[in-house]
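Undergrad:
2 protein chains.
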Amino acid sequence: MNPPDISESEWSVMEALWESAPQTASEVTKVLRPTMGWAENTVRTLLTRLVEKGALKVKENASGTRAFTPAVKREDCVQAESESFMQRIFRGAAKPLLVHFASNAKLTPDEVRELKKLLDQNTTK
Amino acid sequence: MNPPDISESEWSVMEALWESAPQTASEVTKVLRPTMGWAENTVRTLLTRLVEKGALKVKENASGTRAFTPAVKREDCVQAESESFMQRIFRGAAKPLLVHFASNAKLTPDEVRELKKLLDQNTTK
DNA sequence: CACACTTCACTACATTTGTCGTGATATGTC
DNA sequence: GACATATCACGACAAATGTAGTGAAGTGTG
Numbered sequence: 057m058n059p060p061d062i063s064e065s066e067w068s069v070m071e072a073l074w075e076s077a078p079q080t081a082s083e084v085t086k087v088l089r090p091t092m093g094w095a096e097n098t099v100r101t102l103l104t105r106l107v108e109k110g111a112l113k114v115k116e117n118a119s120g121t122r123a124f125t126p127a128v129k130r131e132d133c134v135q136a137e138s139e140s141f142m143q144r145i146f147r148g149a150a151k152p153l154l155v156h157f158a159s160n161a162k163l164t165p166d167e168v169r170e171l172k173k174l175l176d177q178n179t180t181k
Numbered sequence: 057m058n059p060p061d062i063s064e065s066e067w068s069v070m071e072a073l074w075e076s077a078p079q080t081a082s083e084v085t086k087v088l089r090p091t092m093g094w095a096e097n098t099v100r101t102l103l104t105r106l107v108e109k110g111a112l113k114v115k116e117n118a119s120g121t122r123a124f125t126p127a128v129k130r131e132d133c134v135q136a137e138s139e140s141f142m143q144r145i146f147r148g149a150a151k152p153l154l155v156h157f158a159s160n161a162k163l164t165p166d167e168v169r170e171l172k173k174l175l176d177q178n179t180t181k
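As they're listed, the protein sequences go chains A and B.
Under this note's numbering, the letters of the first sequence match residues 57 to 181, in that order.
Under this note's numbering, the letters of the second sequence match residues 57 to 181, in that order.
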């Protein structure tokens, strides 16, 4: 039910597929090679592991090649990672976390306005 | 210069020592056993690894036993972990991160007020 | 059809992490 | 001084991660 654990390298692969899916192994490789510099087999290994973990689904097309599609929603994974990060580093407390990032971030006045609005909704909700 | 990578289990050990230092291995064990259920040797291994990584310093006292003290500041480690988390999950962008946590957190009106103030300072700074 | 190229399934192998166990040493207690 | 205890340094070992190589099998091309 919960999104599976996705390692750092695997996360890059997932991003490529959340961005656009389905994609074959070679397609994903083409996308990631510039940034990651990975050999195609490396990408294939990551894809296989992600399928085993249930994070991806494979679809075999007519010509026998396979394409990969996310089986979990990005938002769910973000949620899970965020939760675990907050636990680990901020002892589960949202406020210190927000304080940390709100103090360190460089934001435009517009973004600040938007965030303040979100915070207001938070209160009233 | 940069804080070393600190794994999840290791982080618990660091927390114990940031909380109070110096402490001997047995003291740290006593602190962590209830929550973690670790054998003393497990704690010792983690301590040793943290020393190797340069996250802890050892001080041998008169009686030959050793006590551990953080060699890196918690704030610096939090900073590093936060940065890498933001990179990984939010592609380095602070705003979506803040949106995520601001939307999901349960905050008291007071906390909301405080955060809004922080955001304002952010703008003017 | 024979060969080159693509796609895969397997295997491999070093590191890091999580969890200890063993055996030597040092110390406090009778 | 002999024994129970506490403390350490080392070694162990499985699972997860990062990063590929090999060899078989399918496919398009002359």
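The beta carbon of each residue, even a glycine, is placed where N, CA and C say it ideally should be.
Mind listing the chain B neighbours of E96/A? Cutoff is C-beta to C-beta under 8 Å, in chain order.
TA: The residue you call residue 96/A lines up with position 40 of the first sequence. Result: empty, since nearest Cβ-Cβ is about 23 Å, beyond 8 Å.
Undergrad: Can you give me the Cβ contacts of G110/B inside the same chain, cut-off strictly under 7 Å, excluding the 5 residues immediately before and after it?
TA: For the purposes of this step, residue 110/B is taken as the residue at position 54 of the second sequence. Same-chain partners within the cutoff: P60 and A127.
Undergrad: Going by the beta-carbon positions, is the gap between V69/B and L106/B smaller than 8 Å?
TA: Here residue 69/B refers to the residue found at position 13 of the second sequence. Here residue 106/B refers to the residue found at position 50 of the second sequence. Yes, the Cβ-Cβ distance between V69/B and L106/B is below 8 Å.
Undergrad: Whose C-beta lies closer than 8 Å to the C-beta of W74/A among residues of the same chain, with five residues either side of it excluded?
TA: Counting from 1 along the first sequence, the entry for residue 74/A is found at position 18. P126 and R130, listed in sequence order.
Undergrad: For A149/B, does the count of other Cβ atoms within 10 angstroms reach 16, so buried, or fall short, so exposed?
TA: Taking the second sequence and counting its residues from 1, one reaches residue 149/B at position 93. A149/B comes out exposed.
Undergrad: For the pair the segment 153-170 of chain A and the segment 160-179 of chain B, tell me if three or more CB-CB distances fall below 8 Å.
TA: yes
Undergrad: Give the range of the beta strand (DSSP E) segment to which L112/B is assigned.
TA: The residue given as residue 112/B occupies position 56 in the second sequence. It spans L112 to E116 - the beta strand (DSSP E) in which L112/B sits, taken as one unbroken run.
Undergrad: Anyone know if the C-beta pair for V99/A and L112/A falls short of 8 Å?
TA: The count along the first sequence starts at 1 and reaches residue 99/A at position 43. The count along the first sequence starts at 1 and reaches residue 112/A at position 56. Their beta carbons are not under 8 Å apart, which means V99/A does not touch L112/A by this criterion.
Undergrad: Assuming contact is defined by CB atoms lying nearer than 8 Å, are A136/A and N58/A in contact in what I supplied?
TA: Indexing the first sequence from 1 puts residue 136/A at position 80. Indexing the first sequence from 1 puts residue 58/A at position 2. Cβ distance < 8 Å, so A136/A and N58/A count as in contact.
Undergrad: For R122/B, which residues in the same chain have their Cβ closer than 8 Å to its Cβ, ignoring the five residues on either side in sequence?
TA: In the second sequence, counting from the first residue as 1, residue 122/B sits at position 66. Closer than 8 Å at the Cβ level, and outside the excluded window around R122/B, lie T80, A81, V114, K115 and E116.
Undergrad: Just confirm the distance between the C-beta atoms of K172/B and L163/A, as a whole number of angstroms; I'd bet it's less than 8 Å.
TA: For the purposes of this step, residue 172/B is taken as the residue at position 116 of the second sequence. For the purposes of this step, residue 163/A is taken as the residue at position 107 of the first sequence. About 13 Å separates the two Cβ atoms, so there is no contact after all.
Undergrad: State buried or exposed for A95/B, treating a residue as buried only when at least 16 other CB atoms are found within 10 Å of its CB.
TA: Looking up residue 95/B in the second sequence gives position 39. The residue is exposed, with fewer than 16 neighbouring Cβ atoms inside 10 Å.
Undergrad: Just list the beta strand (DSSP E) runs in the segment 112-152 of chain A, keeping only unbroken ones of 3 residues or longer that don't cross its boundaries, in chain order.
TA: Here the runs fully enclosed are 112-116 and 122-126.
Undergrad: Distance, Cα to Cα, R144/A vs A72/A?
TA: As a first step, residue 144/A must be located in the first sequence, where it is residue number 88. As a first step, residue 72/A must be located in the first sequence, where it is residue number 16. Rounded to the nearest angstrom, the two C-alpha atoms are 27 Å apart.
Undergrad: Less than 7 Å between C-beta atoms, sequence neighbours within five positions excluded: which residues of the same chain meet that for L153/B?
TA: Along the second sequence, read from residue 1 onward, the residue named residue 153/B stands at position 97. Answer for L153/B: M142 and F146, listed in chain order.
Undergrad: Would you list the residues sitting across from Q79/A in a DSSP beta bridge?
TA: Here residue 79/A corresponds to residue number 23 of the first sequence, with the count starting at 1. In DSSP, Q79/A forms a bridge with F124/A.
Undergrad: Can a CB atom of chain B be found closer than 8 Å to the CB of V134/A?
TA: For the purposes of this step, residue 134/A is identified with residue 78 of the first sequence, where counting begins at 1. Yes, V134/A lies at the interface with chain B (some Cβ there is under 8 Å from its Cβ).
Undergrad: How many angstroms separate the CA atom of D132/B from the CA atom of T104/A?
TA: Against the second sequence, residue 132/B aligns to sequence position 76. Against the first sequence, residue 104/A aligns to sequence position 48. The alpha-carbon atoms of D132/B and T104/A are separated by roughly 36 Å.
Undergrad: What span of residues does the alpha helix (DSSP H) with T104/A cover, start to end?
TA: By one-based count along the first sequence, residue 104/A stands at place 48. Bounds of the alpha helix (DSSP H) holding T104/A are E96 to E108.
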